[in-house]
Amino acid sequence: MQHTFFITATGVGTGLTSVSLGLVRALDQLGVKVAFCKPIAQRSGNDRGPERSTHMAQATLGLKPAEPLRLSDAQQKLAQGDADAFMEDVIQVYQQSAGDAEVVIVEGLVPLADNNYIDRLNQDMAKALDADIILVAAKNADSTAQLNERIKMAASLFGGFNNPRLLGCVLNKVGAPDLEYQQVVATEEPTSEEPENIGLERIIASLPVFSQQHFRCLGAIRWQPHLVAPRTRDVCDYLNAEIINEGQLLERRVQNITVCARTMKNMLQTLKAGTLVVIPGDREDILVASCMAALNGVPLAGILLTGSLHPDPNVMALCQAALKTGLPVLLVGGNTFKVAQQLNSMNTEVPPDDIERINNVMDSTAADLDARWLIERTHVRLEKRLSPPAFRYQLVQRARANPKRIVLPEGDEPRTVQAAALCHQKGIARCVLLGKTDEVHRVAASYNVVLPEDIEIIDPETVYRHYVAPMVTLRKHKGLTEPMAEAMLEDTVVLATMMLAQGDVDGLVSGAVHTTANTIRPALQLIKTKPDAALVSSIFFMLLPDQPVIYGDCAVNPDPNAEELADIAIQSGDSAIAFGIEPRIAMISYSTGKSGSGSDVEKVREATRLAQEKRPDLVIDGPLQYDAASVPSVAKSKAPDSPVAGKANVFIFPDLNTGNTTYKAVQRSANLVSIGPMLQGLRKPVNDLSRGASVDDIVYTIALTAIQASA
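Everything in the sequence shown is counted per this note's numbering, starting at 1273 for the first residue and increasing by one.
Structure (structure tokens):
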């Protein structure tokens, strides 16, 4: 039986959509099959595209909610006394959205001043859908007493605290600055201070509404500055700015704004990562200084020139090297003060096309919600179900259960530094950064990263001599001498591998700036393969909308023979089991079953036979074409008797060309997250990164490595 939660706001500016979608993410992470419904559209501001909430659910959660009804139609029906007829339409939208979900999250309407009909609609919808009701509130500019009264008034609309279907309230934007929480803040000296860490118990104690017996605080969502940071492109569109240099308009985010009216020497300290530098177009000294900062590795959000004043062409020619780093430069009319006022009034709602920010908001919200209590309320029986969010959540939770010491040889690489800080903050792993201490701290400061006090930074020059003798012992059969070992240990990847070989760390992650060969070669020489492994191979976890699947081998072995391909299949099946996936292994070829011939097909056929003989406990079949392996309707006609066809979740490709091409085509075409490559077959965990890896990619790879180290 489906259970419905109706989510409604106590007023404007509470972040109703963020909490509603965050609750979907939280339940999904725990394995609940959840759906989302926005019965009635409520557009705000300059919205001209698709309804915001429904679009975000489609784009980020892989759900297919029905198209909402129009608010104007609802208002008209209420005025005509046809409320019951309209509720039938609401129920139809609900049923189309709900499908076979166990839990349905329904987002209500935001109450507006002097629009009592919205309160009536929320009441009618909650009743018609037989839903439990959850309020969403935010302090904003209210006092604590005013916030308490606002929650009390909203509760009264649904029968008050004695109504058993009124479960409680989610407090959003906790710790936000009183006036700046909903604005892009323009200051001459941007602050990097985090919001005050306010304990949940203190919040609950300060609000008398939570003393009611059946009314709970269901979450306190902490305000985080980076979640309100728009892209530089959003600022450009908002100001209708002329683009002087496009750079990374879509990738860079405005975390601070500095309006520079000072001399150059007095504003240099404001040039930090994520800062939008606003200057008159004729302040070429500040323009050049900002470009120098960019050349020194500071990823400014951009430079905004005012007054319609184009910089001198000779100055722009001097800045070309900095512009090639991706530094956006924009030009607007009006004086600097007027532009600053406009920026301070910019709406910081998440644009519907900003998928990265939407996901970050949902993940942050989900982490602060009491989703487990809600599951108990629904009596939903949790089954083993791994949606992509559930898989990522499981990775983090399993890594946190037994934190391992993971060495990062690219210790002064910006993404690696950010990932290490996040892993420490979340308790995923104890990271060891190899690099000069001063340089690591400089990189961290440039990217506004606060390094935890207990994070370990090791200068390679201070430790590499400890590993010379052990390395000579490991490689003496290859004629390695001490001088040769010393020279090789100057490479931080080799040094990190020796640290792992000697048991000083539990795992290694590299590849943000090194090639796959640079990462794997030292591991093969110094760590070596497991006794039961014929070779080292790799897999990617491809997070498809409905489930994670495994692709192997897409990174290591160019053209494995039948015996090696069978070993890759077995390793990949064992890896699937280790990460909570019940493997159904498809050996991929250009032919299905006995329909084709040729050396390539025969290799896959023989590999399938060998793998089945070696591991009869694994479900393996092949050769199968990709569509026969993955699409039930195709499988029914091409391989009706296959135990794998149509439902494969581990895909073994015949060679590196096929595997690497397929993984990249699927990843880019479907715009999905892939985690890996994760190496298999080594005695100790070593994992490679794509050189285009994001910070999140590195975090999840560290989590994978920590879990491997615990096995």
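Cβ coordinates follow ideal geometry from the N, Cα and C atoms, glycine included. Since we're looking at a predicted model, the values are computed, not measured.
Check                                                                                                                                   : Outcome
C-beta atoms of residue 1548 and residue 1507 nearer than 8 Å                                                                           : yes
Enclosing alpha helix (DSSP H) for residue 1374 [first to last residue]                                                                 : Note, residue 1374: premise wrong, no alpha helix (DSSP H); not H, not E.
Inside the stretch 1789-1856 only - beta strand (DSSP E) runs reaching at least 3 residues                                              : 1809-1815 and 1820-1824
Counted within 10 angstroms of its Cβ, other Cβ atoms place residue 1495 as buried (16 or more) or exposed                              : buried
Range of the contiguous beta strand (DSSP E) that encloses residue 1418                                                                 : Where residue 1418 is concerned, there is no enclosing beta strand (DSSP E), although the alpha helix (DSSP H) it sits in stretches over 1416-1428.
Residue 1690 Cβ short of 7 Å to the ligand PLP heavy atom set                                                                           : For the ligand PLP, the structure offers nothing, since it holds no ligand at all.
Nearest-angstrom Cα separation, counted from residue 1884 out to residue 1727                                                           : 46 Å
Per-residue DSSP class, three states only, for residue 1695                                                                             : helix
Under 8 Å between C-beta atoms of residue 1767 and residue 1739                                                                         : yes
Residue 1951 versus 1819, 1799, 1605 and 1734, residue with shortest Cα-Cα distance                                                     : 1799
Contacts around residue 1479, its chain only, beta-carbon distance under 6 Å, and the 5 residues preceding and following it disregarded : 1420
Straight-line Cα distance separating residue 1898 from residue 1928                                                                     : 15 Å
Reference residue 1860; option with closest CA among 1368, 1504, 1534 and 1838                                                          : 1838
Best match in 1287, 1983, 1382 and 1622 for proximity to residue 1445 [C-alpha to C-alpha]                                              : 1287
Segment contact flag, the stretch 1669-1685 with the stretch 1778-1786, C-beta cutoff 8 Å, min 3 pairs                                  : yes
Close Cβ partners of residue 1983 (< 7 Å) along its chain, the five nearest in sequence each way excluded                               : 1850
Between the CA atoms of residue 1764 and residue 1463 - distance to the nearest angstrom                                                : In this predicted model, residue 1463 has a pLDDT of only 41, less than 50, meaning its place in the structure is not dependable enough to derive any value.
Validate contact between the stretch 1280-1299 and the stretch 1623-1643 using beta carbons, cut 8 Å, 3 pairs                           : yes
Inter-stretch contact (C-beta, 8 Å, three-pair minimum) for the stretch 1515-1527 and the stretch 1542-1556                             : yes
Residue 1308 beta carbon less than 8 Å from that of residue 1377                                                                        : yes
Spatial distance of residue 1697 from residue 1971 (CA atoms)                                                                           : 11 Å
Contact set for residue 1757: own chain, Cβ-Cβ below 6 Å, skip 5 residues either direction                                              : 1740, 1743 and 1744
Nearest neighbour of residue 1290, chosen from 1938, 1442 and 1975 [CA to CA]                                                           : 1442
Cβ distance (whole Å) where residue 1374 is taken to contact residue 1305 below 8 Å                                                     : 5 Å
Closest by C-alpha distance to residue 1854, when choosing among 1892, 1958, 1873 and 1817                                              : 1892
Burial state of residue 2005 (16 or more Cβ within 10 Å)                                                                                : Lying before the first or after the last residue shown, residue 2005 is absent from the chain, which here runs from 1273 to 1983.
Opposing strand residues paired with residue 1275 [DSSP bridges]                                                                        : 1375
Exposure of residue 1937, with buried meaning 16 or more beta-carbon neighbours within 10 Å                                             : exposed
Residue-level contact to chain D via CB, residue 1742, 8 Å cutoff                                                                       : Looking for chain D here will not work: only one protein chain is present.
Contact under 8 Å by Cβ, residue 1719 with residue 1571                                                                                 : yes
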